[in-house]
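So for the sequence shown, UniProt numbering puts the first residue at 1; every next one is plus one.
By construction, the Cβ of each residue, glycine as well, lies at the ideal position given by its N, Cα and C atoms.
Here the structure is a predicted model, which is why all the values come from computation and not from measurement.
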Amino acid sequence: MDDRTASVLRVLAVQAALVSAAIHLIEGLPRLLVYLPIGSFADPRPYLFVPSALLLVGLATLIVRGARHRRLYSLTAGILLAYSAGYAWWHLTDHGGLVPSHEVTNPVGEVLAHLASDPIALVAFVAQGVGAACLLALFVADPDLPANAGDAPDAATAAAGDE
């Protein structure tokens, strides 16, 4: 991957992460401000949305400021994918159970039907997919990754071991 492609992927990944974070803050913050003072945990989403969205903003900021690490890319992609998996889980378990509480014969169709009826969720879902794909591509082939970003020892350690 060349530097220009990596830069485009970083921009797309950061924009997608910020779109997803903004949507989760818009959805979660008002509910959190209602649920937190009364100690209600009936809906766990605000307690998950707000901290994870703030973490996404911080991770996106690190990427914009020049951080190039596989752990950073994988953590950011993991949060975006967890949002998508959580959305599917929430709607397949009839809004919050541990196991499906209603008969779902076509899980993909069920999730797509929910996405089709909620344009904001669709935007978030697409942004999460685009962001995760860009971040995983950077995880694999970012030319700016340090040489010792993987599990392999760096050259100085390898040279010291040869003596």
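Next item on the list: Please confirm if LEU145 has its CB atom under 7 Å from at least one CB of chain B.
Entry: In the structure shown, chain B cannot be found, because there is only a single protein chain.
Note to self: Give the list of continuous alpha helix (DSSP H) stretches no shorter than 4 residues that lie fully inside the stretch 48-77.
What the structure shows: none
Margin query: Whole angstroms are fine: how far does the CA of LEU48 sit from the CA of HIS69?
Written below: 25 Å
Margin query: Using the Cβ count rule (16 or more neighbours within 10 Å means buried), how would you classify ARG71?
Written below: exposed
Checklist line | the ligand HEM heavy atom lying under 6 Å from the CB of ARG70 | finding: This structure lacks the ligand HEM; in fact it carries no ligand of any kind.
Item checked: Whole-Å CB distance - LEU138 paired with ALA13, under 8 Å assumed -> Yes, they are in contact, since the Cβ atoms of LEU138 and ALA13 sit about 7 Å apart, within 8 Å.
Check: Considering only residues of the same chain and omitting the five flanking positions on each side of PRO143, which have a CB-CB separation below 8 Å?
Finding: MET1, ASP2, ASP3, ALA6
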